[in-house]
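Residue numbers (the working numbering), protein chains in the order written: chain A, 1 to 75; chain B, 101 to 175; chain C, 201 to 275; chain D, 301 to 375; chain E, 401 to 475; chain F, 501 to 575.
Everything on this sheet refers to the single structure shown next.
Number of protein chains: 6
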Amino acid sequence: MELVPGNSLITASPQEGRELAIAIARKTIGAIQPDAEVRKSLRPDYAEDADSLTAAGHVVAIEFATIAAANNYWR
Amino acid sequence: MELVPGNSLITASPQEGRELAIAIARKTIGAIQPDAEVRKSLRPDYAEDADSLTAAGHVVAIEFATIAAANNYWR
Amino acid sequence: MELVPGNSLITASPQEGRELAIAIARKTIGAIQPDAEVRKSLRPDYAEDADSLTAAGHVVAIEFATIAAANNYWR
Amino acid sequence: MELVPGNSLITASPQEGRELAIAIARKTIGAIQPDAEVRKSLRPDYAEDADSLTAAGHVVAIEFATIAAANNYWR
Amino acid sequence: MELVPGNSLITASPQEGRELAIAIARKTIGAIQPDAEVRKSLRPDYAEDADSLTAAGHVVAIEFATIAAANNYWR
Amino acid sequence: MELVPGNSLITASPQEGRELAIAIARKTIGAIQPDAEVRKSLRPDYAEDADSLTAAGHVVAIEFATIAAANNYWR
Numbered sequence: 001m002e003l004v005p006g007n008s009l010i011t012a013s014p015q016e017g018r019e020l021a022i023a024i025a026r027k028t029i030g031a032i033q034p035d036a037e038v039r040k041s042l043r044p045d046y047a048e049d050a051d052s053l054t055a056a057g058h059v060v061a062i063e064f065a066t067i068a069a070a071n072n073y074w075r
Numbered sequence: 101m102e103l104v105p106g107n108s109l110i111t112a113s114p115q116e117g118r119e120l121a122i123a124i125a126r127k128t129i130g131a132i133q134p135d136a137e138v139r140k141s142l143r144p145d146y147a148e149d150a151d152s153l154t155a156a157g158h159v160v161a162i163e164f165a166t167i168a169a170a171n172n173y174w175r
Numbered sequence: 201m202e203l204v205p206g207n208s209l210i211t212a213s214p215q216e217g218r219e220l221a222i223a224i225a226r227k228t229i230g231a232i233q234p235d236a237e238v239r240k241s242l243r244p245d246y247a248e249d250a251d252s253l254t255a256a257g258h259v260v261a262i263e264f265a266t267i268a269a270a271n272n273y274w275r
Numbered sequence: 301m302e303l304v305p306g307n308s309l310i311t312a313s314p315q316e317g318r319e320l321a322i323a324i325a326r327k328t329i330g331a332i333q334p335d336a337e338v339r340k341s342l343r344p345d346y347a348e349d350a351d352s353l354t355a356a357g358h359v360v361a362i363e364f365a366t367i368a369a370a371n372n373y374w375r
Numbered sequence: 401m402e403l404v405p406g407n408s409l410i411t412a413s414p415q416e417g418r419e420l421a422i423a424i425a426r427k428t429i430g431a432i433q434p435d436a437e438v439r440k441s442l443r444p445d446y447a448e449d450a451d452s453l454t455a456a457g458h459v460v461a462i463e464f465a466t467i468a469a470a471n472n473y474w475r
Numbered sequence: 501m502e503l504v505p506g507n508s509l510i511t512a513s514p515q516e517g518r519e520l521a522i523a524i525a526r527k528t529i530g531a532i533q534p535d536a537e538v539r540k541s542l543r544p545d546y547a548e549d550a551d552s553l554t555a556a557g558h559v560v561a562i563e564f565a566t567i568a569a570a571n572n573y574w575r
């Protein structure tokens, strides 16, 4: 199963880094719960719950910190 | 969808870095839940709940850590 | 709205760095929930709840990590 | 009990680094709860719960940050 | 109010660094809830709750990460 | 009370570093709740709860990040 799209943390810009952070976070959920039907059924549980959305955003923030460091912050 | 306003982590000051941190955190929530009406309906759930506000502030703190490092802490 | 008092992460000592961490954390809550009356009404919810206090302390710890790095740990 | 497969944080690629992050996170749960039957019985509790999946993905993100730094981000 | 005992992050050893991490975490709770009677009344809420203890240990881990970096990991 | 076994963060391998991370996390819980009987009574609360195990694994991940940095990632 592909866990890191492109198998690299290097991106051309912060925007692409952020997209990668979201993608990596989602791939990990897919690795833990491989059943796409189950994942789909769970979507309303978090996409319509403020705290769940915050928790999901929290994970993206951590993935992005790693990707940003990998890219020397695109300075 | 724009995830990083200005497509850069570099800001002129800590104040602007903090504003960027808040903006990035919000953009991510918008990416996960693209329906603006749903997001609006959820706002009272967290804006009037102490623990939800703390959780939101937590995410901003993490985004800011990344932005601060990107800017060499504006030393 | 002022998000970083003094618009700098540099402080004279760890004590002042810790005070800044608390101040920054609070300013962010103020940015997310600008209504001071609402914030005041929420205070008992977290100030008299052990887990809420721990969560608030958690955010301060993260803000402080950033400030401490900015100051080269006041070595 | 083996806690770090291969006893090394060095991997050939981000993909393998991510796999190691997931493996390390799981090994730690195994160390805290060594009874495989209990762990198996708990699986539906988190694999079919959106917030539990997010929390598990959060831990993987932190493990990955360490592994990515160990590998100089596979630059 | 004293937030960082000794007003320094430098300690002689990891043991002392850990003690400082616990002390700093507690001082912050004291800053957020200055009423010692309230804090005392809340103690059973977290000291006899597994998840609350884990959350408290989590904060100490973060404070310790900062202190350990400040001390170049006592290498 | 001993908080860091061996009073050092330096270990011979990632495996030993992980063992130290688990030990440090447990010692901190022991410092916050010194009564061994209470700790023992709480064990089923988290060892048989998926979210509690994830939370415990989260703390170990953070402790390990510090130990891994201290050891230059055993490169």
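The C-beta atom is built at its ideal place from N, Cα and C for all residues, glycine as well.
This one's a predicted model, so the numbers in the text were calculated from it and none came from an experiment.
For residue 66 of chain A, the uninterrupted alpha helix (DSSP H) run begins and ends at 50-70, by DSSP. With respect to chain D, the C-beta atom of residue 539 of chain F has no partner C-beta closer than 7 Å. Residues of the stretch 519-547 of chain F with a Cβ closer than 7 Å to any Cβ of chain D, in chain order: 519, 522, 547.
A contact is defined here as three or more CB-CB pairs under 8 Å, and the stretch 510-518 of chain F fails this definition with respect to the stretch 440-457 of chain E.
Per DSSP, residue 429 of chain E is one residue of the alpha helix (DSSP H) stretching across 414-432.
The CB of residue 266 of chain C comes closer than 7 Å to the CB of 164, 165, 168 in chain B, given here in chain order. For residue 137 of chain B, the uninterrupted alpha helix (DSSP H) segment begins and ends at 136-147. Between residue 304 of chain D and residue 518 of chain F, the C-beta spacing is below 7 Å. At a cut-off of 7 Å, the C-beta of residue 503 of chain F has a neighbouring C-beta in chain E. Under a criterion of Cβ atoms nearer than 8 Å, no residue of chain D is adjacent to residue 511 of chain F; the nearest Cβ is some 11 Å distant. Below the 8 Å Cβ cutoff, chain E contributes 451, 454, 455, 458 as neighbours of residue 555 of chain F, in chain order. A straight-line Cα-Cα distance of about 18 Å links residue 201 of chain C and residue 125 of chain B.
A distance of 7 Å or more separates the beta carbons of residue 220 of chain C and residue 433 of chain E.
With a contact defined as Cβ atoms closer than 8 Å, residue 270 of chain C and residue 168 of chain B qualify at about 6 Å. Residue 275 of chain C and residue 214 of chain C have their alpha carbons spaced roughly 10 Å apart. The C-beta distance from residue 162 of chain B to residue 62 of chain A rounds to 6 Å, short enough to meet the 8 Å contact threshold. Just so you know, the alpha carbons of residue 431 of chain E and residue 406 of chain E end up roughly 17 Å apart. Of B:127, B:137, B:149, B:116, the smallest CA-CA separation from residue 235 of chain C is found for B:149. Shown here for residue 459 of chain E: same chain residues with a beta carbon closer than 7 Å to its own, the five before and five after excluded, namely 425 in chain order. Non-local beta-carbon contacts of residue 47 of chain A in its own chain, meaning distances under 8 Å to residues more than five positions away in sequence, involve 53 in chain order. Remark: C-beta atoms of residue 266 of chain C and residue 155 of chain B do not approach each other more closely than 7 Å. The closest CA to that of residue 527 of chain F, considering only E:473, E:457, E:472, is found on E:457.
If you draw a straight line from the Cα of residue 173 of chain B to the Cα of residue 537 of chain F, it is about 47 Å long.
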